[in-house]
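Notes follow the structure.
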Amino acid sequence: MASIKKLDTRKFKITVSNGYRSDGRKISRAKTITVPQTVGGRGIPQYVAHEAEEFEKLVKSGYCEDGEMTFQEYATRWLERQTKYAPSTLGFYCRSLETVYPMIGSIRLNKLRPIALENLLAELRKRTWRGGPIQESTVQKYLTVVSAVLSDAKRNEIIEKNPARMIDLPETAARMQVIPTDEEARRFLDLLAEEDDPYKTFYALAIYTGCRRGELCALKWQDFIMNGNESILTVSRSHSSVPGKGVVEGTTKNGQCRTIYLSEDMTSILRSYCYLKMREAQENGFEMGDYVFTNEDGKLIHPDTFSRYLRRIYDENGFPREFHLHTLRHYFVSTMLHNGVDKQTVAELAGHGDTGFLERTYCHPQLRLKCEAARIHAQTVFDFSGRKSESA
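Residue numbers (our numbering): 117 to 508.
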């Protein structure tokens, strides 16, 4: 039972006991309340009794006890419990939390209020990146990580509300992906024909399958099933470069396997590369390894090597600076959508959990359709106007 002590006519102290600590000390929590003037004199006892009952429920459920932990203490434990995320994602969470700890890490969970998080965002917005102000979308990514921690605390009934969800955030600029034109894609493929392996095969697979960099780096020969002049690829793992840990292997981004059909042209490129690796291993006196993309010594190639090499190809051949390795994936997805492939199939081929990301990110097909609609509408209006003036 909660004990109630009257301090003034409308001021009361409520104390609740909730067992004992390991050292024998009693666990007690106290709260002082002031009865609003809108409550009449006869209603004061009922109001205080209700507040005491609610406070007791709060203490007994564990909100008060575990809520005494600081945000940093709880976030550290939260990170240790995460198993469903890829190593690169966990690395991003770790770096993001390290950035916010100096500003909110010492605040107790049950004392963390929206104003503290708003101050955090204000400080982050003062930062710069490559000589310019940090983007609002980047600032809000930090808040997203903080919110994930606080949502877990709420789910475990340690706090009643997630203060990160109570902040009114400014709109962020819609992100438009840079998509190569068909002419740029054809020119790129022509250039690939002159490149040496493994780069030629790696980039060809990237543009023909839409696989992410880490997924391509983690491919094994057993992932391909040859069926005559065609083949089927199963994507089930990914390599990530994690600061302090090097290259680590994990699941795909959505944690699911997917199969991709490879055309005759792509299968031919892959088969030629396979023969090259077999001959390479034989000439250098070692067994051909399990992984597809290895160097002349049979060792795995670092993911960053493929990004840097492609940057050189782009720069030497006048492609836009905005192009990068992921641009090849964007072209794959955009081309599928442009050619009428349904969004669910494209999402499955690209390894997205649902079609929502496609709808938010790849708006180019919709823009093209809207442009065509505007052209048809304009033509109709002008034709009508012309006929009208002739009849006049």
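All C-beta atoms, glycine included, are put in the ideal place defined by N, C-alpha and C.
Query: DSSP has residue 148 in a bridge; who is on the other side?; Result: 129
Query: Measuring only the C-alpha atoms, how far is residue 205 from residue 445?; Result: 20 angstroms
Query: What residues in its chain sit with their C-beta under 7 angstroms from that of residue 317, if we drop five residues either side in the sequence?; Result: 385, 386, 389
Query: Measure the alpha-carbon distance for residue 154 versus residue 243 and round it to whole angstroms.; Result: 47 angstroms
Query: Does the beta carbon of residue 321 fall short of 7 angstroms from some heavy atom of the ligand SAH?; Result: The model on display carries no ligand, and the ligand SAH is accordingly not part of it.
Query: Just the C-alpha distance for residue 170 and residue 457, rounded to the nearest angstrom, thanks.; Result: 56 angstroms
Query: Note down the Cα distance separating residue 232 from residue 322, rounded to an integer number of angstroms.; Result: 44 angstroms
Query: My output table needs one value for residue 201: the three-state DSSP class, helix, strand or coil.; Result: coil
Query: According to DSSP, what are the bridge partners of residue 194?; Result: DSSP lists no partner for residue 194.
Query: How big is the Cα-Cα spacing for residue 328 and residue 423?; Result: 12 angstroms
Query: Taking the continuous alpha helix (DSSP H) assigned at residue 454, which residues delimit it?; Result: 441 to 454
Query: Within a Cβ cutoff of 8 angstroms, which residues of the same chain sit near residue 509, ignoring the five residues on either side of it in sequence?; Result: In this structure the chain extends from 117 to 508, so residue 509 is not present and cannot be described.
Query: If we count the other Cβ atoms within 10 Å of its Cβ and call it buried at 16 or more, is residue 325 buried or exposed?; Result: buried
Query: Does the stretch 212 to 226 come within contact of the stretch 356 to 372, defined as at least 3 CB pairs closer than 8 angstroms?; Result: no
Query: Express the C-alpha separation of residue 434 and residue 294 in angstroms, rounding to a whole number.; Result: 15 angstroms
Query: Quick check: the stretch 144 to 158 against the stretch 121 to 129, are there 3 or more CB pairs under 8 angstroms?; Result: yes
Query: Which residues does DSSP pair with residue 249 in a beta bridge?; Result: 244
Query: Of the choices 268, 442, 430, whose alpha-carbon is the least far from that of residue 306?; Result: 430
Query: Suppose you measure from the CA of residue 509 to the CA of residue 367; what does that come to, to the nearest Å?; Result: For residue 509 there is no data in the structure shown, the boundaries of the chain being 117 and 508.
Query: Considering only C-alpha positions, which residue in the set 406, 223, 119, 466 is nearest to residue 236?; Result: 223
Query: Straight-line CA distance for residue 133 to residue 459?; Result: 57 angstroms
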